[in-house]
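My numbering numbers the first residue of the sequence shown as 9 and each following residue consecutively. For reference, the structure discussed in these notes is given below.
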Amino acid sequence: MMKTHVPVERLFNQFNEIAMILQEELSCTYLEALAETVEDIFHHKILQEELSDFTKKRVMKILEENSLDFFTKEQIRKAYQLAILKGMKEYVQPNHQMTPDSIGMFVSFLIEKFINEQNEWTIMDPACGSGNLLATILNQLQGKQLEAYGLDIDDLLIKLAFLGANLLEQTVQFYNQDSLEPMFVNPVDVTVCDLPVGYYPNDERAKDYEVSVEEGHTYAHHLFIEQSIKHTKQGGYLFFLIPNGLFESEQAPKLHELLKKYVHIQSVIQLPISMFKNKHNAKSILILQKKAPSIQAPKQVLLANLPSLKNKEAMEKIIIQIDAWIKENKK
Ligand code: SAM
Numbered sequence: 009m010m011k012t013h014v015p016v017e018r019l020f021n022q023f024n025e026i027a028m029i030l031q032e033e034l035s036c037t038y039l040e041a042l043a044e045t046v047e048d049i050f051h052h053k054i055l056q057e058e059l060s061d062f063t064k065k066r067v068m069k070i071l072e073e074n075s076l077d078f079f080t081k082e083q084i085r086k087a088y089q090l091a092i093l094k095g096m097k098e099y100v101q102p103n104h105q106m107t108p109d110s111i112g113m114f115v116s117f118l119i120e121k122f123i124n125e126q127n128e129w130t131i132m133d134p135a136c137g138s139g140n141l142l143a144t145i146l147n148q149l150q151g152k153q154l155e156a157y158g159l160d161i162d163d164l165l166i167k168l169a170f171l172g173a174n175l176l177e178q179t180v181q182f183y184n185q186d187s188l189e190p191m192f193v194n195p196v197d198v199t200v201c202d203l204p205v206g207y208y209p210n211d212e213r214a215k216d217y218e219v220s221v222e223e224g225h226t227y228a229h230h231l232f233i234e235q236s237i238k239h240t241k242q243g244g245y246l247f248f249l250i251p252n253g254l255f256e257s258e259q260a261p262k263l264h265e266l267l268k269k270y271v272h273i274q275s276v277i278q279l280p281i282s283m284f285k286n287k288h289n290a291k292s293i294l295i296l297q298k299k300a301p302s303i304q305a306p307k308q309v310l311l312a313n314l315p316s317l318k319n320k321e322a323m324e325k326i327i328i329q330i331d332a333w334i335k336e337n338k339k
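This is the structure in structure tokens:
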């Protein structure tokens, strides 16, 4: 194994080296091999009976070089995330990409601001993919008692999410399903979702939704917003990563109607364009609160353009703006 003292790198090397051996020996994809690797690391033994004794010895030697006990949960999450990112280069379609760390950190910060006083709550990500966004939030909010749910249609990604949660000792219930079909999760306090963007092919199912369009396919991201609102408690919050043009498409009028009927828009925060490969993929964070008899709309919606996260001074200004808005509208 390549020797390095940087913990994340050291652990990544362990994941990576075992995954590469298993990929070759089992003739599978890197991500499938990574899933096998994590099972081996978790159980601290080699579960693939079909491997030759020579390969088993090689893998065991690498396994024994590190123990997860020596790493923090953030180090484990980051190393695992790097390995998944490597595998995604050969596997994943554009809309299935992992939510970057910096966004996950910022969303965690926002969640904490909005539900500051509650210590016990439930959280769901209905399109959790590899689980990185959810895992980042759960790591950041470690002091809180959270009951978490993750759903995704992609069986390999959700397997990786499940294995990651085991590594991080996070209790999450996962469901491998189309989240636009009926969901068996009770309404939660917080929904978070990096929305899959595009058309939803199942027109029959889409007809069950208020945002469905009469002709052609409905946008999956609109359907996801409606489904998420339905599965969030009255007064609960929803944090979405949305495409910047969400409110300007030809299907947007139906979305506007839906939002007006069921939620109070809290905030739209545009993420720095520099975070995205091209400006057409740029995203914002949309924060909603589901209506309840006792809850009033904010005096004004919090609108902000996030500077580059590296620009400390500009970030401090935004944080002051968010704090002032919370004080004015949420206390
Ligand atoms: N937050 C995730 C992470 O950190 O890895 C990334 C989410 S990715 C942008 C969107 C996810 O939506 C993909 O994992 C994809 O499989 C999932 N997805 C797309 N359509 C879906 C559907 N109908 N039901 C459930 N999941 C769906």
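All C-beta atoms in this analysis are idealised placements derived from N, C-alpha and C, irrespective of residue type, glycine included. Note that this is a predicted model, so its numbers are computed, not measured.
For this session: Could you tell me if the beta carbon of His-264 falls within a distance shorter than 8 Å of some heavy atom in ligand 1?
Result: no
Problem set entry | Selection from Ala-228, Leu-71, Cys-201 that minimises the alpha carbon distance to Ala-214 | Ala-228
Problem set entry | Span separating the alpha-carbon of Ile-293 from that of Leu-249 | When rounded, the distance between both Cα atoms is 5 Å.
Exercise. Between Ile-49 and Leu-76, which are expected to be in contact by the criterion C-beta below 8 Å, what is the C-beta distance as a whole number of angstroms?
Worked result: 7 Å
For this session: Could you check how far apart the C-beta atoms of Ala-143 and Gln-178 are, in whole angstroms? I think they sit under 8 Å.
Result: 7 Å
For this session: Compute the Euclidean distance between the alpha carbons of Gly-95 and Tyr-88, then round it to the nearest angstrom.
Result: 11 Å
For this session: State the Cα-Cα distance for the pair Ser-60 and Gly-158, rounded to the nearest angstrom.
Result: Taken atom to atom, the span from the alpha-carbon of Ser-60 to that of Gly-158 is near 36 Å.
Exercise. Any idea what DSSP makes of Met-106, helix, strand or coil?
Worked result: coil
Problem set entry | C-alpha gap between Gly-151 and Thr-80, whole angstroms | 15 Å
Exercise. Does the distance from the C-beta atom of Val-115 to that of Phe-247 stay below 9 Å?
Worked result: yes
Exercise. Roughly how many whole angstroms lie between the Cα atoms of Ile-145 and Gly-139?
Worked result: 10 Å
For this session: Quick one: give me the first and last residue of the alpha helix (DSSP H) that Ala-290 is part of.
Result: That residue, Ala-290, is in no alpha helix (DSSP H); it is neither H nor E in DSSP.
Problem set entry | Contacting residues, own chain, Cβ-Cβ under 8 Å from Gln-259 (five flanking each side not counted) | Counting only Cβ-Cβ distances below 8 Å, and skipping sequence neighbours, we find Val-219, Val-221, Thr-226, Tyr-227, His-230.
Exercise. Which residues in the same chain as Glu-82 place their Cβ atom closer than 7 Å to its Cβ, once the five residues preceding and following it in sequence are excluded?
Worked result: Around Glu-82: Asn-147.
Exercise. Helix, strand or coil: how does DSSP classify Gly-244 here?
Worked result: strand
For this session: Taking Ile-277 as part of the beta strand (DSSP E), name the residues at either end of that continuous run.
Result: 271 to 278
Exercise. Between the C-alpha atoms of Tyr-183 and Asp-160, what's the straight-line distance to the nearest angstrom?
Worked result: 7 Å
Exercise. How about Ile-84 and Val-198: are their beta carbons less than 9 Å apart?
Worked result: In this structure, Val-198 does not lie closer than 9 Å to Ile-84 by Cβ.
Exercise. Is the closest heavy atom of ligand 1 to the C-beta of Cys-201 under 8 Å?
Worked result: Result yes, Cβ under 8 Å from ligand 1.
Exercise. Tell me which same chain residues have a C-beta within less than 8 Å of the C-beta of Gln-235, skipping the five on either side of it?
Worked result: Pro-134, Ser-187, Leu-188, Met-191, Tyr-217
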